[in-house]
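Enquirer: One structure coming up, written as structure tokens, with questions to follow.
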Amino acid sequence: MRIGELLIAEGLATPEHIDVALRSQVVHGGRLGTNLVEQFRFPLDRLAEALGRQHDMPAATQRHFERCDAEVQSLLDPAIAAEWHIIPMGRIDEKSIAVAVTDPLPDDGVEVLEMALGASVVPAIAPELRVLYYLERVYGVQRLNRFLRTRPADRDKHDERRRYVQTLSDSIPSAPSQLARVAIRKIRVPSSDVFELPVTIDSVATGIRVMRQCHSRSQLGRALLKTAELALCPPLTVMMLMTLRDGVA
62 MRIGELLIAE
72 GLATPEHIDV
82 ALRSQVVHGG
92 RLGTNLVEQF
102 RFPLDRLAEA
112 LGRQHDMPAA
122 TQRHFERCDA
132 EVQSLLDPAI
142 AAEWHIIPMG
152 RIDEKSIAVA
162 VTDPLPDDGV
172 EVLEMALGAS
182 VVPAIAPELR
192 VLYYLERVYG
202 VQRLNRFLRT
212 RPADRDKHDE
222 RRRYVQTLSD
232 SIPSAPSQLA
242 RVAIRKIRVP
252 SSDVFELPVT
262 IDSVATGIRV
272 MRQCHSRSQL
282 GRALLKTAEL
292 ALCPPLTVMM
302 LMTLRDGVA
């Protein structure tokens with residue numbers, strides 16, 4: 062079962078929310094869960110739990126990341142962490158280490174990690190946003206611009222934190238942590254009306270007027286694509302829209 066279908070079946074999201082997230086995914090990229098978090102502030106821990114049920118795996122939540130063992134993390138080469146999108150969490154016992162992953166690991170990936178860490182690995186699933194954040198924080202693997210947010214004016218210009226992921230404290234306890242799951246609750250999400258265009262665009266002039274009235278990036282993107290479709294002759298079969306973040310496309 063796909064993650065969107067699972068969230069709908071469990072009452073954690075509506076078909077309308079999934080549709081909005083899918084349309085956002087087409088424009089901005091990233092996984093469906095990433096777009097749900099960005100469009101509706103869907104809790105990352107709740108997404109991790111749903112991914113765990115989807116893949117029948119333990120879920121790595123924020124409290125597990127907060128208790129990561131820095132010494133264990135130092136055992137892994139940053140290139141390997143970046144290639145497999147994994148974050149070592151800590152020792153479960155003397156012979157095994159828990160690792161956070163964005164996807165179930167194939168056999169060759171397990172072999173590479175076990176050789177690098179010198180122990181058997183126990184994968185736990187985590188959302189794309191969180192793993193990419195900690196890859197940058199722990200190993201210096203820079204996130205793509207798509208996953209960065211504009212920083213508020215009152216925040217230090219070198220502060221790369223995003224509002225969806227809590228920053229680790231300076232003192233990270235090195236005690237091993239156990240993987241566990243938390244209770245799932247329904248969330249209240251905002252209406253998807255802000256992503257719908259106010260009027261139907263049937264001419265270039267209407268499209269320009271609508272773009273001036275847009276209140277969200279998703280609205281503006283849809284209006285721009287529709288207006289361009291009407292303005293260009295012959296019409297294009299493929300079109301790419303690149304959004305700017307901090308002046309970078």
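Each residue of the sequence shown is one higher than the last, beginning at 62 in the working numbering. Glycine included, each C-beta is placed from N, C-alpha and C at the ideal position.
Count the CB pairs spanning the region 120-138 and the region 185-199 that are closer than 8 Å, and state whether there are at least three.
Expert: yes
Enquirer: Using a Cβ-Cβ cut-off of 7 Å (strictly less than) and excluding sequence neighbours within five positions of residue 199, which residues of its own chain qualify?
Expert: 134 and 148
Enquirer: Do you know how far the Cα of residue 282 is from the Cα of residue 88?
Expert: 8 Å
Enquirer: Under the three-state reduction of DSSP, which class applies to residue 92: helix, strand or coil?
Expert: coil
Enquirer: Enumerate in chain order the residues of its own chain whose CB-to-CB distance from residue 113 is below 7 Å, with the five nearest sequence positions on each side excluded.
Expert: Excluding sequence positions up to five before and after residue 113, its CB lies within less than 7 Å of the CB of 119, 120, 186 and 242, all in the same chain and listed in chain order.
Enquirer: Using the beta-carbon count (16 or more within 10 Å), is residue 294 buried or exposed?
Expert: exposed
Enquirer: Which residues bound the alpha helix (DSSP H) around residue 62?
Expert: Segment: none, residue 62 is in no alpha helix (DSSP H) and carries neither H nor E.
Enquirer: Quick check on this structure: which residue in 116, 68 and 124 has the alpha carbon closest to the alpha carbon of residue 98?
Expert: 68
Enquirer: Taking residue 197 as the reference, give the member of 140, 153 and 164 with the closest Cα.
Expert: 140
Enquirer: Starting from residue 154, trace the beta strand (DSSP E) in both directions and tell me its first and last residue.
Expert: First-last of the beta strand (DSSP E) with residue 154: 147-154.
Enquirer: Using the C-alpha atoms, what's the distance from residue 194 back to residue 70?
Expert: 29 Å
Enquirer: Mind listing, in chain order, the continuous beta strand (DSSP E) runs of no fewer than 3 residues lying wholly within the region 132-197?
Expert: 147-154, 157-162 and 181-186
Enquirer: Can you check whether the CB of residue 288 is closer than 8 Å to the CB of residue 300?
Expert: The Cβ atoms of residue 300 and residue 288 do not sit closer than 8 Å to each other.
Enquirer: Quick check on residue 121: does DSSP put it in helix, strand or coil?
Expert: coil
Enquirer: How long is the line joining the alpha carbons of residue 163 and residue 265, rounded to whole angstroms?
Expert: 42 Å
Enquirer: Pull up the CB-CB distance for residue 91 and residue 189, whole angstroms please, since I reckon it's below 8 Å.
Expert: 7 Å
Enquirer: Assuming contact is defined by CB atoms lying nearer than 8 Å, are residue 152 and residue 130 in contact in what I supplied?
Expert: Cβ distance < 8 Å, so residue 152 and residue 130 count as in contact.
Enquirer: To the nearest angstrom, how far is it from the Cα of residue 65 to the Cα of residue 73?
Expert: Their Cα atoms are separated by approximately 10 Å.
Enquirer: Of the residues 85, 106 and 108, which one's Cα is nearest the Cα of residue 100?
Expert: 85
Enquirer: Put residue 83 into one of helix, strand or coil per three-state DSSP.
Expert: If DSSP states are grouped into helix, strand and coil, residue 83 belongs with the helices.
Enquirer: Sorted by chain position, which residues of the same chain lie with C-beta nearer than 8 Å to residue 260's C-beta, five sequence neighbours on each side aside?
Expert: 267 and 271
Enquirer: Can you tell which of 111, 290, 178 and 202 has the C-alpha that lies nearest to the C-alpha of residue 132?
Expert: 178
Enquirer: Look up residue 290 in the DSSP assignment and say whether it is helix, strand or coil.
Expert: DSSP places residue 290 in helix when its eight states are reduced to three.
Enquirer: Using DSSP with H/G/I as helix, E/B as strand and the rest coil, what is residue 113?
Expert: The answer is helix: DSSP assigns residue 113 an H, G or I state.
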